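Participant:
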Amino acid sequence: MPPWVSRPQKAPVADCDCEGLRAPSPSQDGPRASVLPQTSHAPGRDHRRRRYSHQRRIPRAALEMATTRLRRAALGEARSFADLITRVANAVRPVCGIGELYIYDTALRLGGHLRLLPREVYLHAGTRRGAQALGLDPRSESVPPHCFRPVLQRLRPHEIEDVLCIYKDWLGSAKAYDFAVEQPGRSRSLAPGCSPRR
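Residues 342 to 539, numbered by this note's numbering, are exactly what the sequence shown covers, in order.
1) With three or more C-beta pairs closer than 8 Å as the rule, is the region 432-446 touching the region 488-496?
2) Unbroken beta strand (DSSP E) runs of length 3 or more, entirely within the region 412-500: which are they?
3) Excluding the five sequence neighbours on either side, which residues of its own chain have a C-beta within less than 6 Å of the C-beta of Val433, listed in chain order?
4) What is the DSSP secondary structure of Arg410, reduced to helix, strand or coil?
5) Taking 8 Å as the threshold (C-beta atoms), are Gly471 and Phe422 in contact?
6) Taking Arg412 as the reference, which of Arg428, Arg398, Asp424 has the closest Cα?
7) Check this for me: beta carbons of Leu477 and Leu425, under 8 Å apart or not?
8) Measuring straight from C-alpha to C-alpha, what distance separates Glu500 and Pro486?
9) Out of Ala466, Ser514, Gly513, Cys535, which one is the CA nearest neighbour of Glu502?
10) From the DSSP output, in three-state form, read off Ile399 for me.
11) Out of Val436, Arg490, Leu455, state which residue places its alpha-carbon closest to the alpha-carbon of Leu475.
12) Does the beta-carbon of Cys488 have 16 or more other beta-carbons within 10 angstroms, so that it is buried, or is it exposed?
13) Taking C-alpha atoms, which residue in Gly513, Leu455, Leu449 lies nearest to Arg420?
14) Quick one: residues in its chain with C-beta nearer than 6 Å to the C-beta of Val436, no 5 flanking neighbours on either side, listed in chain order?
15) Considering only the beta carbon of each residue, do Val484 and Val504 sit closer than 8 Å?
16) Comparing C-alpha positions only, which one of Ala430, Ile399, Arg401, Pro400 sits nearest to Ala414?
17) Out of curiosity, what's the CA-to-CA distance linking Glu482 and Glu418?
18) Quick check on this structure: which residue in Tyr508, Leu416, Arg398 has the alpha carbon closest to the alpha carbon of Arg469?
19) According to the neighbour-count rule (16 or more other Cβ atoms, all chains shown, within 10 Å of its Cβ), is Arg450 buried or exposed?
20) Helix, strand or coil: how does DSSP classify Cys535 here?
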């Protein structure tokens, strides 16, 4: 049995991870003109203004520069999560020390604020290892939810991303073999449109 099945469900990202982001005020240019807070609670920090543990290695100067660049970007004009993550990436990619995990985390939290959550599972650092353990191509930028086993398809895409990242070692272990590879009465083939690992 996968370890996450017995754990309590995490609150939706829009309810917990984005609580520190203020809603745009009606006096701004357009209903979604500014999606970043003007306070020190910026991307990469939790509601207590502390850095997320997996972003502590990013230099403070890089986080400040990324926040400045994000404030100048037209993030509120995004119409989908895919559009939002592209805008975030274009804004912060030139900043030395900012990588794909920061880009995904920032887009996810801003997307929760804008009600633009991912429709696919985005791969980065640890999630690539989890996807590879399940036989998927880790070089893909994102994977449709239907490519995952039925037990994972019950989760939303950003929750599948959490599972791939948190349980990457378990998914690659012998304990996970029956879950990840074998399923009685079914072949090992992937769903149509899903890329196998190479």
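Glycine included, C-beta positions come from ideal geometry on N, C-alpha and C. Note that the structure is a prediction, hence the values are computed from the model and not measured.
Facilitator: Taking the structure as given:
1) no
2) none
3) Ala407, Arg410, Ile439
4) helix
5) no
6) Of the listed residues, the one whose Cα sits closest to Arg412 is Arg428.
7) no
8) 11 Å
9) Ala466
10) In the three-state scheme derived from DSSP, where H, G and I count as helix and E and B as strand, Ile399 is classed as coil.
11) The shortest C-alpha separation from Leu475 is found at Arg490.
12) buried
13) Leu455
14) Ala403, Met406, Ala407
15) Taking 8 Å as the Cβ cut-off, Val484 and Val504 do not qualify as a contacting pair.
16) Ala430
17) 22 Å
18) Tyr508
19) buried
20) coil
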